[in-house]
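Peer 1: This structure is in structure tokens; I'll ask about it shortly.
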Amino acid sequence: MALGDKDEPVESRLGFTLGRDHVSLDVDETVYPLEAVYGGCYLFVDRCFVFLFRPRERIVTVRLTSRGPATPAELDALAGEFANELLSQVTRLRLSQATARIREYYTAAALRAAASAPSVDDLLAELDSEELGDDPLEILVPWEEKSGEKDTESK
Amino acid sequence: MGRITFDRSLYSAEAVEAAAAAYAGFADIALERSGDVVVAVVGVTGGDERTIENSFCNLALQETIVRTRRAASEDDS
Amino acid sequence: MTAGAALPAPSTIAADRLGFFHWGRIAGKILVTTDGGDWVFLSEPEFAQLLAGEITEGHPRFARLQTAGVLREGLDLDALASRLARRVRHVTRGPELHAVTMTRRADDRDAPGAPSDLDAKTAERIVDVALQSTSPAVSFELQADAGEPLLNVDGVRHLVEFARATNKRAAGKTLSLTLVSNLSRMTEETAEWLLANDVAIRTWLDGPAELHDGNRRWTSAGAHADVVRWIAYFERRYRELGRDPKAWQVDARTTTTRGTLAAWREVVDEYVTRGMRSIHLRPLSPLGFDAETWKTIGYTAEEYLAFYERAFGYILELNRRGVHLAEATAATFLGKMLPSGDPAAGDIRSPCPAGTSELAYDVDGRVFPGDEARRVDALGDPFFALGDVRELTIAGIVRHPTVRAIATASLLDAQPMCADCWNKPFCGISPVSSYVRDGDLFGQRPRCFECKEHMAIGRTLFTLLANETDGEAADILQRWTTATRRPS
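Protein sequences, first through last, are from chains V, B and X. By my numbering, the letter at position 130 of the first sequence is numbered 130, and the numbering carries on one by one without gaps. By my numbering, the letter at position 18 of the second sequence is numbered 173, and the numbering carries on one by one without gaps. By my numbering, the letter at position 74 of the third sequence is numbered 306, and the numbering carries on one by one without gaps.
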């Protein structure tokens, strides 16, 4: 607990650990992967000082230290913002992992297209010659079907 | 003299070295690699001690993140 | 404090029902953007539905999100790739912009270090190499270290004539030529020759006379009286010759020093008074200024952005009143945001155009990945020099390791913060600028000057676009995407 102006203990409203000029929060890596923690930290290093340490296995403590004087409420708010950003980072990470092949495909296709600059006729000819059943990334296969297939395979 | 312990599961040793080099003009920073940690012994020679030490740690973290990200994208390619 | 006591568990997302997108909070809504440059505004509940995989056929947002490539259902990867290809085509298209330094002289005396002027033979070699580019369009910008290429007026004439003749005979490209001049040595004879030879004019106009002339201590600008006299001359002659005003207008750039920051209204008014149709607001580069001078004329990102916000707001207000004045930096972003724009134009691109799309040549024939890189060399650091034009081919230039390093360092996908940013499809960074500011090509640190500037401009534009009831603002911004582009 932190000491306020009148030496009275100050508690974080949001349950974080408050110091005189810093606030800390423990993050479980199994819930918030380190890559997400890094993503959040990178966005905060211009606003405050960020330090990471590991109090025990799987836990990362993120300590945010204010650059100048800060009240307990301001420190709490800073940690609250960081926690919100962590949520965003995890969502981004999951989306990024789930769409890795999609991104590889369209990036490679874009660079090929940029290099060759085909004419409209070429593009139309390409579409005409495509086999409609070709769907290597299984984009068009509904997820229920994919899940059903997996269940069937596992039996 | 401040002693700052960087956990190597969270900070890249090379990143800490790069940050130490960048702050050479503001502090004498000696690094000791020991098992799972890198310990920086920091003697600030110019500027506010709190700011220099914290900024050095910030840079070590930034450099770790950039290096980690770059390594990941090289693996992907 | 253990995990879970303070941190809520992240909710699961239906990732296999989603395409790839970025998002950010703007104007009280969630802006969703894709690598193809599509964007959609959602409310918070709609965004939650999106993440939960609940936006399916029949949902009011389904069609728009599907077309944008945000949903997995019906995801047209080839169409998305095609939209992305439009944004990155500059990487493989071949260098289009060639900035040629005609003289190192600041006056009629020779400059220190030989040569002072670009000689005819070297100029011809530069033209030959430039026209080797696979780009269907090539543009030459004829400039000078101290701001006046007309100190080598014979060289200017020769290069222009040689370029046109060679292009006509052998290359058949869409060729454009621009004289980047402070107009201090302009004469009527030269002006008429430039008009007859279809050479466009770009100059510097920093504001009303007192501000502009006060800035001249630190810039290459000519005297205010000369600048406005020749702007008026060329604009009158364009009208008399029946030139298309969209294609033919004097282009002027501002140099924003500390003295400019409080004079945002006066600067804009000056451009309106002179009949200009675009104003290019941009921050000052620290390149070439020592630390003491920078304390006098430099400023923080926050100070610059306060200036920009006021100037931009005033420009928009003027546009609502019927004044046609576009802000060119905003127009560059809009070109990537709006369908009417060209996403592969301007200097804000990922990968950046230095070396792949833009080259610069010094008077001695040395080649650089853009003019900022050339100026770094002119100040004594040869880091970006690519070699001598007499020994290089265009293919060799674009494959140079320095060009590759710049392209790699500028790729937003590989930058920790940029890769996740909602502004990524519309943004770009310059490793050359990073090198100038931080001594490091990879200097794109969190919220560096350039990042703050680009985020602020992106946010300003999207805030306007988010307001669906303000069709007038959307029309104005749309008009800007073509107002600052010369038809090729």
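We treat Cβ as the ideally placed atom computed from N, Cα and C, and that holds for glycine.
Could you give the DSSP three-state label for Glu534 of chain X: helix, strand or coil?
Peer 2: Residue numbering aside, residue 534 of chain X sits at position 302 when the third sequence is read from its first letter. Of the three classes helix, strand and coil, the one that applies to Glu534 of chain X here is helix, per DSSP.
Peer 1: Is there a Cβ from chain V that is less than 8 angstroms from the Cβ of Ser164 of chain B?
Peer 2: Indexing the second sequence from 1 puts residue 164 of chain B at position 9. Yes, Ser164 of chain B counts as interfacial toward chain V.
Peer 1: Which stretch, first to last residue, makes up the beta strand (DSSP E) that contains Phe372 of chain X?
Peer 2: One-based indexing of the third sequence puts residue 372 of chain X at position 140. Start and end: 369-376.
Peer 1: Could you tell me the distance, in whole angstroms, from the CA atom of Phe16 of chain V to the CA atom of Tyr32 of chain V?
Peer 2: Here residue 16 of chain V refers to the residue found at position 16 when the first sequence is read from its first residue. Here residue 32 of chain V refers to the residue found at position 32 when the first sequence is read from its first residue. Their backbone Cα atoms lie some 17 angstroms apart in a straight line.
Peer 1: To the nearest angstrom, how far is it from the Cα of Val120 of chain V to the Cα of Thr528 of chain X?
Peer 2: In the first sequence, the residue the question calls residue 120 of chain V occupies position 120. In the third sequence, the residue the question calls residue 528 of chain X occupies position 296. Because Val120 of chain V sits at a pLDDT of 43, beneath the cut-off of 50, its placement in the model cannot be relied upon, and the point is left open.
Peer 1: Within a Cβ cutoff of 7 angstroms, which residues of the same chain sit near Ala651 of chain X, ignoring the five residues on either side of it in sequence?
Peer 2: On the third sequence, residue 651 of chain X is found 419 positions in, with the first residue counted as 1. Contacts found: Leu644, Asp645.
Peer 1: I'd like the list of long-range same chain contacts for Ile287 of chain X, defined as Cβ closer than 8 angstroms, with 5 residues on each side in sequence excluded.
Peer 2: Taking the third sequence and counting its residues from 1, one reaches residue 287 of chain X at position 55. Glu278, Gln281, Arg293, Phe294, Leu297, Leu303.
Peer 1: Using a Cβ-Cβ cut-off of 7 angstroms (strictly less than) and excluding sequence neighbours within five positions of Asp28 of chain V, which residues of its own chain qualify?
Peer 2: Translated into positions along the first sequence, residue 28 of chain V becomes position 28. Contacts found: Arg58, Ile59.
Peer 1: Along the region 44-74 of chain V, where does the CB come closer than 7 angstroms to a CB of chain B? Name the residues.
Peer 2: Of all residues in the region 44-74 of chain V, Val45, Phe49, Val50, Phe51, Leu52, Phe53, Arg54, Val60, Thr65 have a Cβ within less than 7 angstroms of some Cβ in chain B.
Peer 1: Kindly list the residues whose CB is nearer than 7 angstroms to the CB of Glu704 of chain X, restricted to its own chain and excluding five residues on each side of it in sequence; keep chain order.
Peer 2: Taking the third sequence and counting its residues from 1, the one referred to as residue 704 of chain X is at position 472. Same-chain partners within the cutoff: Arg552.
Peer 1: Counting only runs that start and end within the region 541-582 of chain X, where is the beta strand (DSSP E) found for 3 or more residues in a row?
Peer 2: Qualifying beta strand (DSSP E) stretches: none in this window.
Peer 1: Around the Cβ of Met334 of chain X, are there at least 16 other Cβ atoms within 10 angstroms (buried) or fewer (exposed)?
Peer 2: Translated into the one-based positions of the third sequence, residue 334 of chain X becomes position 102. The residue in question, Met334 of chain X, is buried, as its Cβ has 16 or more Cβ neighbours within 10 Å.
Peer 1: If we cut at 8 angstroms on Cβ distances, does Tyr105 of chain V have a partner in chain B?
Peer 2: The sequence position of residue 105 of chain V within the first sequence is 105, counting from 1. No, because no Cβ of chain B sits closer than 8 angstroms to the Cβ of Tyr105 of chain V.
Peer 1: Is the shortest distance between the beta-carbon of Met233 of chain X and the beta-carbons of chain V less than 8 angstroms?
Peer 2: Taking the first residue of the third sequence as position 1, residue 233 of chain X is located at position 1. The predicted model places Met233 of chain X with a pLDDT of 40, which falls under 50 and marks its position as unreliable, so this point remains unresolved.
Peer 1: Counting only beta-carbon atoms, is Ile220 of chain B nearer than 8 angstroms to chain V?
Peer 2: As a position in the second sequence, residue 220 of chain B is number 65, starting the count at 1. At least one chain V Cβ lies under 8 angstroms of Ile220 of chain B.
Peer 1: Per the DSSP calculation, Pro663 of chain X is bridged to which residue(s)?
Peer 2: The count along the third sequence starts at 1 and reaches residue 663 of chain X at position 431. Paired residues: none, contrary to the question.
Peer 1: According to the neighbour-count rule (16 or more other Cβ atoms, all chains shown, within 10 Å of its Cβ), is Phe615 of chain X buried or exposed?
Peer 2: Counting from one through the third sequence, the residue named residue 615 of chain X turns up at place 383. It is exposed - the Cβ of Phe615 of chain X has fewer than 16 other Cβ atoms within 10 Å.
Peer 1: On the premise that Pro327 of chain X lies in contact with Val630 of chain X, defined as a C-beta separation below 8 angstroms, what is that separation, rounded to the nearest angstrom?
Peer 2: Position 398 of the third sequence, counted from the first residue, corresponds to residue 630 of chain X. Position 95 of the third sequence, counted from the first residue, corresponds to residue 327 of chain X. That pair is a contact at about 7 angstroms.
Peer 1: Thr266 of chain X to Lys353 of chain X, Cα distance in whole Å?
Peer 2: Locating residue 266 of chain X in the third sequence gives position 34, where the first residue counts as 1. Locating residue 353 of chain X in the third sequence gives position 121, where the first residue counts as 1. If I take the Cα positions, the gap works out to 48 angstroms.
Peer 1: For chain X, find out if any of its Cβ atoms is closer than 8 angstroms to the Cβ of Gly39 of chain V; answer yes or no.
Peer 2: Taking the first residue of the first sequence as position 1, residue 39 of chain V is located at position 39. Gly39 of chain V counts as touching chain X.
Peer 1: In angstroms with no decimal places, state the Cα-to-Cα distance between Leu216 of chain B and Arg711 of chain X.
Peer 2: Start at 1 with the first residue of the second sequence, and residue 216 of chain B comes out as number 61. Start at 1 with the first residue of the third sequence, and residue 711 of chain X comes out as number 479. Each residue's Cα considered, the two are about 44 angstroms apart.
Peer 1: Between Asp310 of chain X and Ala77 of chain V, is the Cβ-Cβ spacing less than 8 angstroms?
Peer 2: Within the third sequence, residue 310 of chain X is the residue found at index 78, counting from 1. Within the first sequence, residue 77 of chain V is the residue found at index 77, counting from 1. Contact: no.
Peer 1: Between the region 369-379 of chain X and the region 335-347 of chain X, do three or more beta carbon pairs fall short of 8 angstroms?
Peer 2: Touching, per the Cβ criterion.
Peer 1: Hey, does Arg321 of chain X have any beta-carbon neighbour from chain V nearer than 8 angstroms?
Peer 2: Looking up residue 321 of chain X in the third sequence gives position 89. True, the Cβ-Cβ gap to chain V drops below 8 angstroms.
Peer 1: Measuring straight from C-alpha to C-alpha, what distance separates Ala641 of chain X and Ala317 of chain X?
Peer 2: Taking the first residue of the third sequence as 1, we reach residue 641 of chain X at position 409. Taking the first residue of the third sequence as 1, we reach residue 317 of chain X at position 85. Computed Cα separation, rounded: 20 angstroms.
Peer 1: Put Tyr470 of chain X into one of helix, strand or coil per three-state DSSP.
Peer 2: Within the third sequence, numbered from 1, the residue matching residue 470 of chain X stands at position 238. If DSSP states are grouped into helix, strand and coil, Tyr470 of chain X belongs with the helices.
Peer 1: Less than 6 angstroms between C-beta atoms, sequence neighbours within five positions excluded: which residues of the same chain meet that for Ser408 of chain X?
Peer 2: Counting from one through the third sequence, the residue named residue 408 of chain X turns up at place 176. Counting only Cβ-Cβ distances below 6 angstroms, and skipping sequence neighbours, we find Ser371.
Peer 1: Per DSSP, which one or two residues make a beta bridge with Asp483 of chain X?
Peer 2: By 1-based counting over the third sequence, the position of residue 483 of chain X is 251. Paired residues: X:Arg434.
Peer 1: Spatial neighbours of Gly157 of chain B within its chain, please: C-beta separation below 7 angstroms, excluding the five flanking residues on both sides.
Peer 2: Start at 1 with the first residue of the second sequence, and residue 157 of chain B comes out as number 2. Excluding residues within five positions, the ones whose Cβ falls inside 7 angstroms are Val197, Glu208.
Peer 1: So, do the region 524-538 of chain X and the region 576-595 of chain X have three or more beta carbon pairs nearer to each other than 8 angstroms?
Peer 2: As far as the Cβ criterion goes, the region 524-538 of chain X does not touch the region 576-595 of chain X, which means the pair count is below three.
Peer 1: Name the residues in the region 644-675 of chain X whose C-beta lies less than 9 angstroms from a C-beta of chain V; which are they?
Peer 2: Here the close residues are Asp645, Pro648, Met649, Ala651, Asp652.
Peer 1: For the beta strand (DSSP E) that Gly256 of chain X lies in, which residues bound it at each end?
Peer 2: Sequence index remark: in the third sequence, residue 256 of chain X carries index 24 (1-based). Start and end: 254-258.
Peer 1: Decide if Leu132 of chain V is buried, meaning its Cβ has at least 16 other Cβ atoms within 10 Å, or exposed.
Peer 2: As a position in the first sequence, residue 132 of chain V is number 132, starting the count at 1. Here the model assigns Leu132 of chain V a pLDDT of 46, short of 50, so the residue's position is not dependable, and the following value carries that caveat. Exposed, because fewer than 16 other Cβ atoms sit within 10 Å of the Cβ of Leu132 of chain V.
Peer 1: On the DSSP letters alone, give me the boundaries of the beta strand (DSSP E) that Arg158 of chain B sits inside.
Peer 2: Within the second sequence, residue 158 of chain B is the residue found at index 3, counting from 1. Arg158 of chain B -> beta strand (DSSP E) spans 157-162.
Peer 1: Specify, as a first and last residue, the run of the beta strand (DSSP E) that Tyr503 of chain X falls within.
Peer 2: Within the third sequence, numbered from 1, the residue matching residue 503 of chain X stands at position 271. That residue, Tyr503 of chain X, is in no beta strand (DSSP E); its alpha helix (DSSP H) goes 496-505.
Peer 1: Could you check if Val171 of chain B is buried or exposed, using at least 16 other CB atoms within 10 Å of its CB as the buried criterion?
Peer 2: For the purposes of this step, residue 171 of chain B is identified with residue 16 of the second sequence, where counting begins at 1. The residue is buried, with at least 16 neighbouring Cβ atoms inside 10 Å.
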